[in-house]
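2 protein chains.
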Amino acid sequence: MQGELRITHKNERSCYYFDNRYTRFMRHRSKSTASPRRVRPKGERTRNNILRAAADLASLEGLEGLTIGRLADELKMSKSGLFAHFGSKQDLQLATVGMASEIFKDSVIRPALARPRGMPRLLELLERWLRHVEDKVFAGGCFFTAASFEFDSRPGPVRTAIVEAMRQWLSTLTRAIEEAQKAGHINADLEPPRFALEIYSMAVGAHWAFGLLGQRNALKNARETILARLRSESRAQGNGTTHGDVKKA
Amino acid sequence: MQGELRITHKNERSCYYFDNRYTRFMRHRSKSTASPRRVRPKGERTRNNILRAAADLASLEGLEGLTIGRLADELKMSKSGLFAHFGSKQDLQLATVGMASEIFKDSVIRPALARPRGMPRLLELLERWLRHVEDKVFAGGCFFTAASFEFDSRPGPVRTAIVEAMRQWLSTLTRAIEEAQKAGHINADLEPPRFALEIYSMAVGAHWAFGLLGQRNALKNARETILARLRSESRAQGNGTTHGDVKKA
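Chains as they are written, first to last, in our numbering: chain A, 981 to 1229; chain B, 981 to 1229.
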């Protein structure tokens, strides 16, 4: 499919081909390939199910509107039943951020960390981020993008938890870029934290256009733009190798 | 200052120099250069002052949390006094979106439309957008970015008003790109709506890193990245002109 990602390691310090093999590989990975988890006791499963619903609700209606009363309505549970799990609105918000973080790690980060260091891992992080918006892993789009803009001016423990999760995400991207530099896959002159923000910005902007304006092609376009940006930086890296053979995505 | 924008039109269909003259020009424009406005009656001024405060409050705490009660607390006014201006929470939200839109037009769009068509106008739009976040024209950062992610999954008249404002913004950017293409300032092969979203995404991502993570240099970096992107597209335009003389910002 046009604009999707394929990557073929050509040689140790040379260029990458980008086409759609990479994505086809991803598509064949089903959720069942995730590492098996321990069986959780019923109380924990109930709590997790509640938090899963809370993360969806917060992605739709905002984290500040996530009260025990609102969630009880949504789940058709009693407020007292929910109070048994979470003593206050803030406890519920913090637990929801924790659950959203686990879901995000399962959907985006952990599968990417299973890929080889360098360009394959970096591309998988970005592809999975775009796909978790496209596939509505959270009902309202990216939980953390919404929560970031909602809480950026609201100091307190909830904001701190969101900041912590987002710092972890940016450092995961940054580390993947550093690894790609070490592997000789992209330009060693780039500043990794800055480049991480640059390519992530394209994804956030696409989320905005997709979620608000209904631009169906925004995520596909972001994918192509990110690829073109990575391609230009792998080309700059070439040092005398043939650059003409970096294909269009 | 490093990373700021200067632009010198070199010749009709050739390259641009980018350095800091452009920004110095902007700095010399004070608010008093805005076109004079009619004197408004007192009731209208009161209503506008209320809405100005409402837009700030919404940028800090979210538009959904903007109730007549919350705003009355903030302004130390009676709820009945506010009800005289706005009959319902939704009326207040819609009027606040309208006010935010006027403030945004005054801070970003109108001054840019006073600049010559082509690269000068496009750069001024982007520079003013970054600056309205940096200078906290709205207390909590960009009103519309926050409102976009808050309302993208909340159908209704408020979402419709936000979408309308954001479509206008994207088409203003798109038109500026088309004009820059017609003037021969940037590559005629670019798709203007797509390129508009691409460069705006850098600004939104920088807002995210600045507002949430406190990255003081995020806006400066976005400015440099946008300039580099525009430079690369004005270079592609060259058709045989000397490209080596496009300076670093």
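Where is the CB? At the ideal position from N, CA and C, for every residue including glycine.
Q. Per DSSP, what kind of secondary structure is T1154 of chain A in: helix, strand or coil?
A. What you label residue 1154 of chain A is simply residue 174 of the first sequence in a count that begins at 1. Residue state, collapsed to three classes: helix.
Q. Which residues mark the beginning and the end of the alpha helix (DSSP H) in which P1100 of chain A is found?
A. Along the first sequence, one-based indexing puts residue 1100 of chain A at 120. Here the alpha helix (DSSP H) through P1100 of chain A covers 1099-1114.
Q. Helix, strand or coil: which one does DSSP assign to T1047 of chain B?
A. Locating residue 1047 of chain B in the second sequence gives position 67, counting from the first residue. Note: T1047 of chain B maps to coil in three-state DSSP.
Q. So, A1145 of chain B versus V1077 of chain B, is the Cβ gap smaller than 8 Å?
A. Numbered from 1 along the second sequence, position 165 holds the residue referred to as residue 1145 of chain B. Numbered from 1 along the second sequence, position 97 holds the residue referred to as residue 1077 of chain B. Yes; because the gap between Cβ atoms is below 8 Å, this pair is in contact.
(Q) Please give the ranges of any alpha helix (DSSP H) in the segment 1025-1080 of chain A, keeping only runs that are unbroken, at least 4 residues long and fully inside the region. (A) 1048-1055, 1059-1065
Q. Which of the three DSSP states, helix, strand or coil, is assigned to D1132 of chain A?
A. As a working mapping, residue 1132 of chain A is identified with position 152 in the first sequence. Three-state DSSP puts D1132 of chain A in coil, outside helix and strand.
Q: Quick one: grab the DSSP three-state call for D962 of chain B.
A: Past the boundaries of the shown model lies residue 962 of chain B; chain B is included only from 981 to 1229, so the question cannot be answered.
Q) What span of residues does the alpha helix (DSSP H) with R1090 of chain B cover, start to end? A) Here residue 1090 of chain B refers to the residue found at position 110 when the second sequence is read from its first residue. Element bounds for R1090 of chain B: 1090-1093.
(Q) Suppose the cutoff is 8 Å on Cβ atoms and the five residues either side in sequence are ignored; what does the same chain contact list for R1050 of chain B look like? (A) Translated into positions along the second sequence, residue 1050 of chain B becomes position 70. Excluding positions up to five away in sequence, the list reads L1037, E1041.
(Q) Using the three-state DSSP reduction, which class does A1145 of chain A fall into: helix, strand or coil? (A) Locating residue 1145 of chain A in the first sequence gives position 165, counting from the first residue. Note: A1145 of chain A maps to helix in three-state DSSP.
Q | Counted within 10 angstroms of its Cβ, other Cβ atoms place R1139 of chain B as buried (16 or more) or exposed | A | Within the second sequence, the letter at position 159 stands for residue 1139 of chain B. Counting Cβ neighbours within 10 Å, R1139 of chain B comes out buried, since at least 16 surround it.
(Q) Does any residue of chain A have a CB that is nearer than 8 Å to the CB of G1061 of chain B? (A) Here the question's residue 1061 of chain B lines up with position 81 in the second sequence. Taking Cβ atoms only, chain A never reaches closer than 8 Å to G1061 of chain B, which makes this a no.
Q.
Does L1210 of chain A come out as helix, strand or coil in the three-state DSSP assignment?
A. Within the first sequence, the letter at position 230 stands for residue 1210 of chain A. Correct three-state label for L1210 of chain A: helix.
Q.
Assess contact between the segment 1057-1077 of chain A and the segment 1124-1139 of chain A, defined as three or more Cβ pairs (one per stretch) separated by less than 8 Å. Is contact present?
A. yes
Q: For N1167 of chain B, verify whether its CB is less than 7 Å away from any heavy atom of the ligand ATP.
A: With respect to small molecules bound, the structure shown includes none, and the ligand ATP cannot be examined in it.
Q | 6 Å CB neighbourhood of L1210 of chain A in its chain, flanking five on each side removed | A | Against the first sequence, residue 1210 of chain A aligns to sequence position 230. Contacts found: none.
Q. How many angstroms separate the CA atom of D1169 of chain A from the CA atom of A1156 of chain A?
A. By one-based count along the first sequence, residue 1169 of chain A stands at place 189. By one-based count along the first sequence, residue 1156 of chain A stands at place 176. Each residue's alpha carbon lies about 15 Å from the other.
Q: Excluding the 5 residues preceding and the 5 following E1130 of chain B in the sequence, name in chain order all residues of the same chain whose CB lies nearer than 7 Å to its CB.
A: Taking the first residue of the second sequence as position 1, residue 1130 of chain B is located at position 150. Once the five neighbours on either side are set aside, the close Cβ partners of E1130 of chain B are G1042, L1043, E1044.
Q) Which value, in whole angstroms, describes the spacing of the CA atoms of K1069 of chain B and T1152 of chain B? A) For this step, residue 1069 of chain B is matched to residue 89 along the second sequence. For this step, residue 1152 of chain B is matched to residue 172 along the second sequence. Roughly 30 Å separates the two Cα atoms.
(Q) Quick check: G1191 of chain A and D1132 of chain B, are their CB atoms within less than 8 Å of each other? (A) Here residue 1191 of chain A is taken as the residue at index 211 of the first sequence, counted from 1. Here residue 1132 of chain B is taken as the residue at index 152 of the second sequence, counted from 1. Yes, these two residues count as a Cβ contact at 8 Å.
**Q.** Proximity winner among A:S1039, A:L1193, A:S1060, A:M1079, relative to N1029 of chain A (alpha-carbon distances)
**A.** On the first sequence, position 49 is the one that residue 1029 of chain A refers to. Residue A:M1079 holds the alpha-carbon nearest to the alpha-carbon of N1029 of chain A among A:S1039, A:L1193, A:S1060, A:M1079.
Q. So with Cβ pairs under 8 Å, would you call E1044 of chain A a contact of chain B?
A. As a first step, residue 1044 of chain A is located in the first sequence; it is residue number 64 there, counting from the start. Chain B places a beta carbon closer than 8 Å to that of E1044 of chain A, counting this residue as a contact.
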